[in-house]
Structure formats: structure tokens, C-alpha cells
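Just so you know, the sequences run in chain order F and Z. First residue of the first sequence? That's 1 in the numbering used here, and the numbers climb one at a time after it. First residue of the second sequence? That's 1 in the numbering used here, and the numbers climb one at a time after it. All C-beta atoms in this analysis are idealised placements derived from N, C-alpha and C, irrespective of residue type, glycine included.
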Amino acid sequence: MSEATTTTPTAQPEREKLSKKAITADHPTWCPGCGDFAVLASFYKVLEKRNLDHEKIVTLAGIGCSSRFPYFVNGHGAHFIHGRAVPLASGISLARPDLNVFLFGGDGDGFSIGGNHLNHGARKNVNLVYFIMDNFVYGLTKKQTSPTSPIGFKSKTDPTGAIDMPVNPMKQLISAGATFIARTHATQVKHMMEMIERAMDHPGFSAIECLSECVEFYPDVFDPADPRKGGSFELIQEKKWDNTPEDELRHDVTDELAAYKLAQLPFPGVFGVFYQSDRPTKNALEKKWIESSREKTGNASDLQLLQKTFDRMK
Amino acid sequence: MGDPVNPDLSAVQKSATADKPASPTATPGPDRADLTPENINDAVIRLAGNSQDGIQTAGAFLARLAGRSDHDVMTYMTIPATISGGPSIFQVRMGTGEVLSAGDEADFLVAFYQHSYQDHIDFLKEGGVLLYDSDNVEPNLDDKRFMYVGVPITGLTVEALGGTAKDKGKNIFILGLIAKIFSLDVEKLTTLIKEKFGGKDESIVNTAIMAFTAGYAYPVGNVLKKHYQFEHVPKPGGRAQVTMDGNQAIAYGLIAGGVRYGAGYPITPWSSIMEMLRSELPKYGGMFVQAEDELGAVSLSLGFSYSGYLAVTGSAGPGISLKSEAIGWASMAEMPLIICNIQRGGPSTGLPTNVEQSDLHQAIFGSHGDSPRVVLAASTVEDCFYIAIEAARIARKYSTPVFILSDTSLATRIEAFDEPDLSKLMVDPKPDLTPREGGFKPYDLEKVTQHVPPGTRMLDGKYPLVTGLEHDEHGHPTGSPKLHMAMTAKRRNKLRKLAEEIPVPEVYGDEKGDTLLVGWGSTYGPIHDAVKMGREHGEKMGALHLRHLHPLPNGLEKIFKNFKRIVTVEMNDQGVYGFGQLATILRARYCEPKIESVTKTDGLTYRVKEILQGVFPGKFVSARGYSPNRPIAGNGEQDVEIARHESITQGVG
């Protein structure tokens, strides 16, 4: 244990390229037409493209329709309790930097019951990818108001229309301190894949909000953002740093205030990367502390260390 | 303050029963060298002051000195719930024999303030010594039961330290005085002081040594008729003693047991464990995370455990309540986890700095659904160390959540115990990531679950899922009535299997007789002392102390058969049906109407006399020189309610 927090490499038998077939598990239990199918398909495609070591893919989730995700991926995974998947995933990420930690969930899981964990996971900048399928409604429990339901939305818990101001996911993530924040749409597979890949490449708490329609309890709500239904899917134009006049108008993803301004745009808003910063991860900071602590002990063995402590208590 | 005529010597009075009544304005007595040393093998010293006086520090020095001198030692400490200040005590019992409890009454009371004197004088035994700060305390010298030694502690400390330190350092001054009175090893004490304050500003060590020297040099021999010397009885076995408190023992036990990861949230009296682990674990290549809340803490810990490193979380009752849902997940998903509950008085915020054993049912049953988990309880500080290793072993072997129950009294008291043989105890924490052959099922109905950590290649290409939904053997969700029944049985049966390997605890005292006291947790000492005393008074009685509370070891019924009465002694309420929490479990388990209980809820540790009074009402009212009209509680409260419950007659068989 003392030598490293990570595990010793073991001799691995030959492996084939990761295929969609290899990572497909149970058939999804989502309703036909649910936006989450497209998210799953995009995720498969990214895994295939990146050809990750199969055993190093870990999918995790809390509770909700979208949180059924781990059952549909053939890989190591865990289905946890409502709202607490961020700290669960944090534990795995911190103890096992060799793993690719993917966390899936919905708006209720992330912004309501798990709101505190989202804030602190983001603040601590734990290295993981958190994909939030936002459908503006509680679907698993059959149409109650969610933290992202717009004012006026009629649900079983707001029969005359929702009255509470909804959470703005982008604003929330920016102020909480997430270091990669993006927004995408379940009808845009290519864009989803790009966002997932960029999130994977970012060291730190990478959160993606994906508008994913609930065809059963809140249909057509995302049409204004769906070009196939006459909406506009307006992309964020990121700065190229090419000293052109056009570049002046483009978005600087490291500018927190600019990101906040983009988040203020009325629905359907814009899509792409809102914010990205290279703040050190908790993983890196803890590792640094472990290394300096180990060094101070002269890399003593566990037995030597504890014996020394007990010698002081004699 | 009524200054004594001779301020240096202060007032001295001996008990009226003494040969020569001493005058309050005692003339200087014979030199200390002329005094007959009295050999003692047991002394209870209570330091009473305010929490900012550092009496814990002075008390801890005494405890550690005793540990280094082969004496057994047991301490008792109360901390006020207020943020800073407020009355506080530290009690040290040092003995050359086996010291089990902190002591029912003090041989020596050190009172810093008038309130310290008033609140604790009734705790001093007749003929005992009151050492008081004559700058602050005016005792009733007409009460002839005690010896009075007034020393202008505040003034002398300020004088010794040159005034800049004000009266900080009184604790160390007192330590010097006590060292003189009890002929303690000055060299060892100064070494301890240097160790404690070393590393800081050098002037702090010097100031402490100055205060100590001033206390030691004070001519207390002029006013005491005798001085004391501990008999030196070398310990058999030859292992050195280590001295620590219960929370330290749990933290180091976890490290020995191979726990390298954990997460927590601050709460009294659990916090010191998380503080220690936060600093210690990185040295071992591990990590302890301060989480955003209790739910985050347990979830992080489950993440660590899932990743292949058995993890710990902990709290006191309120935090455990918050963790309950996730602990249920650990039962369902069969994830190993250690949960420490350092119990305090409840419910709700309750009595944050007092002691209670009222979370037993919460530990066993405290999640929704049938959620079997293992519950262990530490009985002494030494046991805190070993039970943590045991908890880690069980959690791994049975892939289950395991509770360690401790409490405020164990957490804060310091005991000396034989140094553990670490070379035989250390457990390697590395997860096994060797690739697995085909056919692995995380929830195989024929086996006790052993999860495969992520990062492990599954050579048949089928990867396991752990889940809180009811599942089949592969971890896929199921609503099958048959499977829910089978899986519920699987989760419960592994605890039955564990019960088979738990040793039946030995009965202390009479193995057959009239009364068997059954205890769990920190009441070990007073219960055993009560049996000792009861047997000295002719009672045929024994004691059984349970470390494994869920599941219980098999075979207890054979022990119960040998006694007419089974009485649990617990620090919790008798509840609606008249039985303490353990008694309730035992009655349900054994359908044995002769099981009854003695319980109390005053937030203080049991005194030996209280136990005997509760178990044998009407007898033992003046045990160890107690007069029946003296209040029980050291803080001057009236007798607390000692509940003794008649067994309810019911048909058996």
C-alpha cells in the first residue's frame, strides 16, 4: 500500500478492440422515443472511438429514468441511491486514478436532491465526467415538477402551473466551481460526442447538461432547440485567438463572467462549452499531499510507521 | 477570600477522627523527609476547573506517566458543550493492580474555583484531600470529613512565570504539586512535558518546566501529614504499555486492519478520529476526505470501498441517522464498509458531550427494509484498537457494513494497555485486480458475495454491476418474488454464518449463581467492579460482556441457564415496555422472561455503587463508605433515577 495508492499492474492477456457489442448490456427500459437512447448511443460511440481498456470504464448513477444508464452498459458499474452519486463517484475517482469514471443522472438527481453534492463535487474539482440528462420533469415517478421545470409547467404537483423559479444549470455549475461546463442536446449526436470527448480530456469536474426530451410527460418542450422541428441549435463560437476582428466577438471559455452572460440567454439559449479552467483537481492536490507525507516518513513501511507512532505513546 | 494567617502554608485541617486535630493555621510540620511514606496501590485524583485551564493536559500527563510506569490507568473526562469555557473535570485513577473503572469517589480533589469545590466536594471520600487554589476558593473548613490543603495556585503561577503568561500554566503548576505529593517520577514527567510542548516555540517548553518546577518546589510537605508512593509491581508478560484515548485506539486499529480510505463530517465526539485519519492516512498512501455532509461522507466511503479499498465513515447519532439510507444500500449491494458511531446522548442534538448507549437499536435496525449489518461494541480503550481490526476483517470476509459502537466516555478517556504486536496484526489493503475467469456472479446465491473491484478484467467479457435495486445473481434488477426472498435470505444467512465463528465470551466471576450482569460497550469496567464488590459482599454473581451485538454469538442460552436472574446494565432508557435496548434484543432472541435490565439516562458513566443499587435494590446503599444521604452525581445533582425493571411474567413453552 505504501508504495503507491494505485494498484500494481498485472499481466494482461491479449485484448480485442473495444466494440459496441462488447459494451452493450441489457436493452434499455426507457419509453420509446426517449432522448436518453441517443445519449447511450453517443456514449457507446465515444467508447468505441477512444478504445478504452474495457475494465477501466466505470459507469455510475443515482436514481431516476436516466440513472438506469449503468444497467445498459456492459462495464464495471454501480447503481446508487438518489442524489448521492457525485460523492460515490468522487470516492472511486480519488482512490483509483487509473479508472475512467462516468456518472449519469437527471435534473432531479443532480439539481434537487443531490444539489449539495453537485456544488461540492464541483468546488473540490474531483476528476470525473458527469452527464446530466435534463428533461425538465420527474419522469420515473410520472410527472411531478422538477428543479428545472419552467414557471407555468403543469404537473401533478403543480396542477395550475409551476410557481418556483427553476434552476439555471449553467449558472449553478459556474458558481459552484465546475471546471468544464458544457450544454448539448439529445438530438445532436455529433455534438454530444464532441462534448463527451472534451469532458473526458479535461482533468477535473466536467459537467454536461443535455436537453433530453421526455416524450411521455413533457413532450415537445425542446423543439425550439431542435432544427429538425424548425428550432435553432445555436452553437457557442469559441475564441480562436487569431487576432482577427471576428475573434473579438467570440466566447472566451476561461471567462467566468462571459459564461454567466451566455447562461442568461432566454430558452433555448446556446450550446457548446460555456466554461473551462485548469484549476488543480482534488485528485492532484491530494496526491501531492500523499507524496510529501510519504517522503517525510522516508517511505517507511506501514508496519514501521504505526510502530513508530506507538513508540511515541509508550 | 479569607486569606489564611500564613499564606504560604494555607489552611490545613484533618478529619475530626484524626489523632491530633490540626489547626487551620497550621504551624510548619515536620520536613517531608521525616514523613512516613504510605504505600498505596490505587489513587483517584479529580481535577476540577474550567475547560480552558488545560486540566485535560495535566490529567493526560498523569495518565501517560502511569502508562510509562507500568501502572494501570483509567481516566474520566467531561467537557462542557459550550464552545469555550465552562466547568470541566478530568479524573485519573492510577493503580498497580487492574484498574477497570474510573473510580466512584476521589482520594484527592483539586479545586481551581469555588464552583469546582462546591460541585465536587461530595465526590471526595471521607479522609480524602482537598487541594484548592486559595486565591479563588474558600472551603467550609468546619466540614471535618476532609483534609484541606490551600495553595495560592494562581498567585504562585503568575509569580513563577513572570506575569506575562497571566495564570496560564496553573495546570502544570498543579502537576508539579501532585508529582511531589505522590512521589511521581519527575524525570519521566519532564520528558513528557518536553515531548508535548517540544516543536513549538522553545519559550513554551521553558515556561512549562518553570511552572512544573515551581509546583514541585512548593513546600506542600509542611501541610500534609503523609505522602504517598505507588507500589512498584512490574507487569507480567514484559510488553511495554501504550497510553491513548479510545478514539486514537480506533483510528490506529483501522490502520492496522488495513483501512486506508475514509470520509467524514465533523461532529462531537467522532471528530478526533477523522482529524487523526486525515493526517495519518496520507503517510500510508491513503486518504481521508472531509465531506460536505454526512450523506456525502458515507457515499464517498462507499465509493472507496467499491473501488477495492475497504473504507471507514463515522459520526455520532445525528450523523448516523443521515447516513442510514446509504448504509441500507451497503446491505443491499453487499458492499463492505466500517461505520463508527461514537455515541452521545440523544435523540436529536441531545446531549452532545455526555455519554449514552442509546443507539444500539439504530445500529442494528436503522435503515428501511430488512437490511442486515454487523454491530460490534468496544468495551475498553484497548478493545477499541482490536475491535477496529475485527470490524475490518468481518467487513471484508462477509462483504457487509459493520458498525463499531463506542461512546463519549471511551472516546475521551485515556487508558494504558499492553503494546499490541503489530507485526502480527497489520493487514495489507491492496485490492485484488487479477483478471477473472468466466462465470463470475456478484450475487451468487451459493456463495458469500465477494465483489470484483473495477479495473479488473473479466475474461468472459461480462462485467458485474452492484446495485441497490433487488437483483438477480448478475446484479440485474428484478421484481421476482422468488428472487427477492432468496436474496433477502442470502443477505441474512451470511450473518448467521458469522455468528457461528464468534467466540462465546467468558463469564467473569461466578459461572453459576443468582445474578448474571450482561453489558456491552464502555460499561465494562464498572460492571466488572460491581461483580467484584458484590461477590465480596456474598452475592453469587457473574458478568458477561458482549462485543458482538449483531449477530450475537451462538450459545449464550447455555450461560443464561446457570443463573436465576439475567440483568442487563445499560446507559439508555427502559422504553415503553420496561427494558433497555440490549435486554429487548435478548428477550426477543431467547424468549427468556428472567431477562431484565437496569438502565439510566443521566448522561454520566455508571458508578459501581449505582449498578449494585440498581441490581439489588435496598442493599449496597453505603457501599465503600457512602452515606445514603450523599448525592450520587458528582455535580451535586440529586440521585438520578435508576430504573430497575421487574420481568414481565409471560407464558413460556
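Secondary structure of Asp276/F, DSSP reduced to three states = Here the question's residue 276/F lines up with position 276 in the first sequence. According to the sequence provided, residue 276/F is Gln. The question's Asp does not apply to it. DSSP places Gln276/F in strand when its eight states are reduced to three.
ask   = chain Z beta carbons: is any one of them nearer than 8 angstroms to that of Met165/F?
value = Numbered from its first residue, the first sequence carries residue 165/F at position 165. Output row for Met165/F: interface = no.
ask   = What in chain Z is Cβ-close to Val129/F, meaning under 8 angstroms?
value = One-based indexing of the first sequence puts residue 129/F at position 129. Correct list: empty, because the minimum Cβ distance to chain Z is about 15 angstroms.
task = For Pro401/Z, return the contacting residues in chain F, with the cut-off set at a CB-CB distance below 8 angstroms.
result = Locating residue 401/Z in the second sequence gives position 401, counting from the first residue. Ordered by position in chain F, no residue passes the 8 angstroms Cβ test against Pro401/Z, which lies about 14 angstroms from the chain.
request  = Using a Cβ cut-off of 9 angstroms, pull out every chain F residue sitting near Gly198/Z, in sequence order please.
outcome  = Here residue 198/Z corresponds to residue number 198 of the second sequence, with the count starting at 1. Within chain F, no residue comes near Gly198/Z; the closest Cβ sits about 11 angstroms away, beyond 9 angstroms.
inquiry  = Assuming Gln237/F is part of the alpha helix (DSSP H), what are its boundary residues?
reply    = Position 237 of the first sequence, counting from 1, holds the residue named residue 237/F. It is not in any alpha helix (DSSP H) - Gln237/F carries neither H nor E in the DSSP assignment.
query = What residues of chain Z sit near Gly77/F, judged by a beta carbon separation below 9 angstroms?
reply = Here residue 77/F is taken as the residue at index 77 of the first sequence, counted from 1. Within 9 angstroms Cβ-Cβ: Pro454, Tyr463, Pro464, Leu465, Val466, Thr467 and Gly475.
inquiry  = For the beta strand (DSSP E) containing Met94/Z, name the first residue and the last one.
reply    = Counting from one through the second sequence, the residue named residue 94/Z turns up at place 94. Run containing Met94/Z: Pro87 to Gly95, per the beta strand (DSSP E) assignment.
ask   = Pick from His54/F, Asp26/F, Asp36/F and Pro28/F: whose alpha carbon is nearest that of Lys17/F?
value = Working through the first sequence from its first residue, we reach residue 17/F at position 17. Comparing Cα positions, the closest option is His54/F.
Distance, Gly580/Z Cα to Tyr132/Z Cα = As a working mapping, residue 132/Z is identified with position 132 in the second sequence. As a working mapping, residue 580/Z is identified with position 580 in the second sequence. Rounded to whole angstroms, Tyr132/Z to Gly580/Z spans 41 angstroms at the Cα level.
ask   = Under the rule that 16 or more other beta-carbon atoms within 10 Å means buried, what is Ala392/Z, buried or exposed?
value = Position 392 of the second sequence holds residue 392/Z. The residue is buried, with at least 16 neighbouring Cβ atoms inside 10 Å.
ask   = Going by the CB atoms, is the gap between Gly346/Z and Ser315/Z shorter than 8 angstroms?
value = Here residue 315/Z is taken as the residue at index 315 of the second sequence, counted from 1. Here residue 346/Z is taken as the residue at index 346 of the second sequence, counted from 1. For Ser315/Z and Gly346/Z, no; Cβs fall outside 8 angstroms.
message = Residues of the region 294-317 of chain Z in Cβ contact with chain F at a cutoff of 9 angstroms, in chain order, please.
response = Leu295, Gly296, Ala297, Val298, Ser299, Leu300, Ser301, Leu302, Gly303, Phe304, Ser305, Tyr306, Ser307, Gly308, Tyr309 and Ala311
Three-way DSSP call (helix, strand, coil) for Phe222/F in this model = Taking the first sequence and counting its residues from 1, one reaches residue 222/F at position 222. Phe222/F sits in coil when the DSSP states are folded into three classes, being neither helix nor strand.
ask   = Near Asp293/Z, which residues of its chain fall below 8 angstroms by C-beta distance, leaving aside the five closest residues on each side in sequence?
value = Translated into positions along the second sequence, residue 293/Z becomes position 293. For Asp293/Z, where only same-chain residues beyond five positions count, the Cβ hits under 8 angstroms are Tyr265 and Leu322.
task = Give me the Cα-Cα distance between Leu306/F and Ala251/Z, rounded to the nearest whole angstrom.
result = Residue numbering aside, residue 306/F sits at position 306 when the first sequence is read from its first letter. Residue numbering aside, residue 251/Z sits at position 251 when the second sequence is read from its first letter. For Leu306/F and Ala251/Z, the distance between alpha carbons rounds to 11 angstroms.
request  = Could you run through the region 44-58 of chain F and flag, in chain order, every residue whose CB is less than 9 angstroms away from some CB of chain Z?
outcome  = Asp53, His54, Glu55, Lys56, Ile57 and Val58
Per-residue DSSP class, three states only, for Met733/Z = Chain Z is shown only over 1 to 653; residue 733/Z falls outside these bounds and no answer can be derived.
inquiry  = For Ala102/Z and Leu495/Z, what's the separation of their Cα atoms in angstroms?
reply    = Along the second sequence, read from residue 1 onward, the residue named residue 102/Z stands at position 102. Along the second sequence, read from residue 1 onward, the residue named residue 495/Z stands at position 495. In a straight line, the C-alpha of Ala102/Z is about 35 angstroms away from that of Leu495/Z.
request  = Return the bridge partner residues of Phe417/Z from the DSSP annotation.
outcome  = The residue given as residue 417/Z occupies position 417 in the second sequence. When DSSP reads this structure, Phe417/Z sits in a beta bridge with Val242/Z.
request  = Taking only beta carbons into account, state which residues of the region 251-262 of chain Z come closer than 7 angstroms to chain F, listed in chain order.
outcome  = Tyr252, Ile255, Ala256, Arg260 and Tyr261
ask   = Which term fits Cys384/Z, buried or exposed, when burial requires 16 or more other beta carbons within 10 angstroms of its beta carbon?
value = Taking the first residue of the second sequence as position 1, residue 384/Z is located at position 384. The residue in question, Cys384/Z, is buried, as its Cβ has 16 or more Cβ neighbours within 10 Å.
inquiry  = Just list the residues that DSSP pairs Pro481/Z with in beta bridges.
reply    = Residue mapping note: residue 481/Z aligns to position 481 of the second sequence, counting from 1. As DSSP reads the structure, Pro481/Z sits in no beta bridge.
query = Does Tyr218/Z have its Cβ less than 8 angstroms from a Cβ in chain F?
reply = To locate residue 218/Z, count along the second sequence from 1; it is residue 218. For Tyr218/Z, the answer is no, since every Cβ of chain F falls outside 8 angstroms of its Cβ.
query = Rounded to whole angstroms, how far is the Cβ of Gly83/F from the Cβ of Asp107/F, which I believe are closer than 8 angstroms?
reply = Locating residue 83/F in the first sequence gives position 83, where the first residue counts as 1. Locating residue 107/F in the first sequence gives position 107, where the first residue counts as 1. About 11 angstroms; that fails the 8 angstroms criterion.
request  = With a threshold of 16 other CB atoms inside 10 Å of the CB of Ser23/Z, please say whether the residue is buried or exposed.
outcome  = Walking along the second sequence from the start, residue 23/Z turns up at place 23. In this prediction, Ser23/Z scores a pLDDT of 37, lower than 50, which makes its location untrustworthy; no coordinate-derived value is stated.
ask   = Does any C-beta atom of chain F lie closer than 8 angstroms to the C-beta of Asp31/Z?
value = Numbered from 1 along the second sequence, position 31 holds the residue referred to as residue 31/Z. Confidence at Asp31/Z is low in this model, with a pLDDT of 47, below 50, so the placement of that residue should be treated as unreliable; the coordinate-derived value is given next. So, not an interface residue.
task = Can you give me the start and stop residues for the beta strand (DSSP E) that Gly106/F sits inside?
result = Taking the first sequence and counting its residues from 1, the one referred to as residue 106/F is at position 106. Element bounds for Gly106/F: Asn100 to Gly106.
request  = Scan the region 276-294 of chain Z for residues whose Cβ lies nearer than 9 angstroms to a Cβ of chain F and list them as they occur along the chain.
outcome  = Ser279, Glu280, Leu281, Pro282, Lys283, Tyr284, Gly285, Gly286, Met287, Val289, Ala291, Glu292 and Asp293
inquiry  = Determine, for Met244/Z, whether the minimum Cβ-Cβ distance to residues of chain F falls below 8 angstroms.
reply    = Stepping through the second sequence from its first residue, residue 244/Z is reached at position 244. With 8 angstroms as the cut-off, Met244/Z counts as an interface residue toward chain F.
key: Status (buried if at least 16 other CB within 10 Å, exposed otherwise) for Leu184/Z   = Position 184 of the second sequence holds residue 184/Z. Burial of Leu184/Z is indicated by the presence of at least 16 other C-beta atoms within 10 angstroms of its C-beta.
DSSP beta-bridge partners of Asn39/Z = Position 39 of the second sequence holds residue 39/Z. DSSP, once it has assigned bridges, lists Gln229/Z as partnering Asn39/Z.
query = Where does Lys296/F fall in DSSP's three states?
reply = By 1-based counting over the first sequence, the position of residue 296/F is 296. Three-state DSSP puts Lys296/F in a helix.
query = Since Gly121/F and Phe180/F are thought to touch, with beta carbons under 8 angstroms apart, how far apart are those beta carbons, to the nearest angstrom?
reply = For the purposes of this step, residue 121/F is taken as the residue at position 121 of the first sequence. For the purposes of this step, residue 180/F is taken as the residue at position 180 of the first sequence. About 13 angstroms; that fails the 8 angstroms criterion.
task = Verify whether the separation of the beta carbon atoms of Val126/F and Ser155/F is less than 8 angstroms.
result = Taking the first sequence and counting its residues from 1, the one referred to as residue 126/F is at position 126. Taking the first sequence and counting its residues from 1, the one referred to as residue 155/F is at position 155. Contact: no.
inquiry  = When you compare the CB positions of Leu552/Z and Arg589/Z, do they come within less than 8 angstroms of one another, or not?
reply    = Counting from one through the second sequence, the residue named residue 552/Z turns up at place 552. Counting from one through the second sequence, the residue named residue 589/Z turns up at place 589. Contact flag set, yes.
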